[in-house]
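S.K.:
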DNA sequence: CTATAATTTCAGTAATTACTGAAATACAGA
DNA sequence: TCTGTATTTCAGTAATTACTGAAATTATAG
């Protein structure tokens, strides 16, 4: 298979970008290719289109699978495995956010939780704990909120986001209306 | 300087985590050290505490500076440069989000914008463009909304987040009240 | 069960990124 | 200005990560 210039440039961009996102070029390109492909592709087609070795593609797909970013399927009368990127971009966004939280946030939250518990036996540790407590509270607030927001269906989420700057006004209303009053705990 | 076990483990964790965040160990550790240090530190103190070469620290600080994550200051009667991490964790969060957007999102948005503009001369490109359009719209919606939210002061932001799952209820209200009505465009 | 095709694993190698020490540069005080 | 100290740069090297081809494994059709 040879890619059209348009798809080529999309694929290459994702490969380059990959490094900034902590994934490697191969993985980025494979995902990009699947994303713009109408039909699912098998590993050999991918290897061919991107000029990677078959084994490299295998590892890349495994990585993408661990991120839950590809769907595996079979075509009738063909025993090869075919891969595609889910169509719903909002679902993709959720998946990505979820996985990143698990890998990049949760371990830190857990470390902070532990570090905050022990009683400090010197002024430096007391100070450090105060800082960690602030960081922990921030991360927890943001991630809890994010996971709440994530539960909303696409339509609602979209509305919420389009609302944007008007959020402040909304808050003034909710204050008056007593909505969300149970959330008033504060550090 | 030698670190207490508590601060040691915090610093080491940030070092390890760094790789998942696309920053290197050195940079992660330097930042962590500054974050839990009550007083600003000069480069030599950092190099000493973390057992890195002086030049490595210099590069690490340069990197942190490019992320706007450290403050540089001078102590009276001392010509060395002292570094500290800003105290306000919400401000740090904003800075980080801002920089990541600039580096990791904006280039992709711009690539997508260009790719969408050209008229496709084959069915594959037409399909690819449809996908790209969906991705572009999602990213734009999310980042626009995020930059709106970011403008809110900490107090309001905190309230908004604590609100969490109640957001849906709020939207029902705003629907009735006609707030945010101008945002009703939909793809 | 056997033959064959598909996929994965993995050891070796290539490429990239991180780190150091030495040299160069910048900068404050005399 | 000069002199000593602080900082940065950069070429070389170490460490890590990415990639390949061959071999092993898994799966399927007959």
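Protein chains in written order, with the working numbering: chain L, 19 to 205; chain E, 19 to 205.
A virtual CB, placed ideally from N, CA and C, is assigned to each residue, including glycine.
Model, not experiment: these values are computed from the prediction.
(1) Measure from the C-beta of residue 54/L to each C-beta in chain E and report whether the shortest distance is under 7 angstroms.
(2) Who are the Cβ neighbours of residue 85/L in its own chain at under 7 angstroms, not counting the five residues just before and after it?
(3) Could you please tell me which residues of the stretch 120-145 of chain E, in chain order, have their CB closer than 9 angstroms to any CB of chain L?
(4) Using only the alpha-carbon positions, how far apart do residue 90/E and residue 99/E sit?
(5) How close, in whole Å, do the beta carbons of residue 25/L and residue 33/L come, if the pair is a contact with beta carbons under 8 angstroms?
(6) Could you tell me whether the Cβ atoms of residue 102/E and residue 178/E are closer together than 7 angstroms?
(7) So, does the stretch 119-127 of chain E touch the stretch 69-86 of chain L, judging by three or more C-beta pairs under 8 angstroms?
(8) So residue 129/E and residue 31/L are in contact, right, with Cβ under 8 angstroms, and what is the actual spacing, rounded?
(9) Residue 95/L to residue 172/L, Cα distance in whole Å?
(10) Please decide whether residue 31/E counts as near chain L, where near means a Cβ-Cβ distance under 7 angstroms.
(11) What span of residues does the beta strand (DSSP E) with residue 92/E cover, start to end?
(12) Residues of chain L with CB under 7 angstroms from residue 108/E, in chain order?
(13) Could you work out which residue in 57/E, 104/E, 67/E and 180/E is closest to residue 82/E when comparing CA atoms only?
(14) Within 10 Å of its beta-carbon, does residue 199/L have 16 or more other beta-carbons around it, so buried, or fewer, so exposed?
(15) So for residue 74/E, helix, strand or coil by DSSP?
(16) Starting from the Cα of residue 36/L, find the closest Cα among 78/L, 158/L and 22/L and give me that residue.
(17) Does the beta carbon of residue 179/E come closer than 7 angstroms to any beta carbon on chain L?
(18) By the criterion of Cβ-Cβ separation under 8 angstroms, what are the contact partners of residue 113/E in chain L?
(19) Let's test the definition: count the other Cβ atoms within 10 Å of the Cβ of residue 55/E and tell me whether it reaches 16, buried, or not, exposed.
(20) Count the other CB atoms, across all protein chains shown, that sit within 10 Å of the CB of residue 93/L; report buried if there are 16 or more and exposed otherwise.
(21) In chain order, what residues of the same chain lie with their CB nearer than 7 angstroms to the CB of residue 161/E, ignoring the 5 residues before and after it?
(22) Can you grab the Cα-Cα spacing for the pair residue 167/E / residue 148/E, in whole Å?
(23) Can you give me the C-alpha to C-alpha distance between residue 68/L and residue 158/E, rounded to a whole angstrom?
(24) Have a look at residue 47/L and residue 61/L and give me their C-alpha separation to the nearest angstrom.
(25) Show which residues of chain L have a CB atom less than 8 angstroms away from the CB atom of residue 159/E.
M.R.: Walking through what the data contain:
(1) Residue 54/L sits at position 36 when you count from the first residue of the first chain. Taking Cβ atoms only, chain E reaches closer than 7 angstroms to residue 54/L, which makes this a yes.
(2) Locating residue 85/L in the first chain gives position 67, counting from the first residue. Contacts found: 117.
(3) 121, 122, 125, 126, 129, 130, 132, 133, 136, 138, 139, 140, 141, 142, 143 and 145
(4) Residue 90/E sits at position 72 when you count from the first residue of the second chain. Residue 99/E sits at position 81 when you count from the first residue of the second chain. Cα to Cα, the separation comes out at about 7 angstroms.
(5) Counting from one through the first chain, the residue named residue 25/L turns up at place 7. Counting from one through the first chain, the residue named residue 33/L turns up at place 15. The pair is not a contact, with the Cβ atoms about 13 angstroms apart (cut-off 8 angstroms).
(6) Working through the second chain from its first residue, we reach residue 102/E at position 84. Working through the second chain from its first residue, we reach residue 178/E at position 160. Taking 7 angstroms as the Cβ cut-off, residue 102/E and residue 178/E do not qualify as a contacting pair.
(7) no
(8) Your numbering for residue 129/E matches position 111 in the second chain. Your numbering for residue 31/L matches position 13 in the first chain. That pair is a contact at about 5 angstroms.
(9) By one-based count along the first chain, residue 95/L stands at place 77. By one-based count along the first chain, residue 172/L stands at place 154. Residue 95/L and residue 172/L: Cα-Cα distance of roughly 36 angstroms.
(10) On the second chain, residue 31/E is found 13 positions in, with the first residue counted as 1. So, interface residue.
(11) Counted from its first residue, the second chain places residue 92/E at position 74. Note, residue 92/E: beta strand (DSSP E), 89-92.
(12) Taking the first residue of the second chain as 1, we reach residue 108/E at position 90. Chain L residues near residue 108/E: 156.
(13) Counting from one through the second chain, the residue named residue 82/E turns up at place 64. Of the listed residues, the one whose Cα sits closest to residue 82/E is 104/E.
(14) Looking up residue 199/L in the first chain gives position 181. Caution applies to residue 199/L, whose pLDDT of 40 falls short of 50 and renders its modelled position unreliable; the model cannot decide the point.
(15) In the second chain, counting from the first residue as 1, residue 74/E sits at position 56. Residue state, collapsed to three classes: helix.
(16) Along the first chain, read from residue 1 onward, the residue named residue 36/L stands at position 18. Taking only the C-alpha atoms, the option nearest residue 36/L is 78/L.
(17) As a first step, residue 179/E is located in the second chain; it is residue number 161 there, counting from the start. Taking Cβ atoms only, chain L reaches closer than 7 angstroms to residue 179/E, which makes this a yes.
(18) If you number the second chain from 1, residue 113/E lands on position 95. Those do not exist, as residue 113/E stays about 13 angstroms from chain L at its closest Cβ, beyond 8 angstroms.
(19) Looking up residue 55/E in the second chain gives position 37. With 16 or more other Cβ atoms within 10 Å, it is buried.
(20) Position 75 of the first chain holds residue 93/L. Label assigned to residue 93/L: exposed.
(21) Numbered from its first residue, the second chain carries residue 161/E at position 143. Closer than 7 angstroms at the Cβ level, and outside the excluded window around residue 161/E, lie 119 and 123.
(22) Here the question's residue 167/E lines up with position 149 in the second chain. Here the question's residue 148/E lines up with position 130 in the second chain. Computed Cα separation, rounded: 29 angstroms.
(23) To locate residue 68/L, count along the first chain from 1; it is residue 50. To locate residue 158/E, count along the second chain from 1; it is residue 140. If you take the alpha carbons of residue 68/L and residue 158/E, they lie about 28 angstroms apart.
(24) Working through the first chain from its first residue, we reach residue 47/L at position 29. Working through the first chain from its first residue, we reach residue 61/L at position 43. Going from the Cα of residue 47/L to the Cα of residue 61/L covers about 13 angstroms.
(25) As a first step, residue 159/E is located in the second chain; it is residue number 141 there, counting from the start. Going along chain L in sequence order, the residues near residue 159/E (Cβ under 8 angstroms) are 176, 179 and 180.
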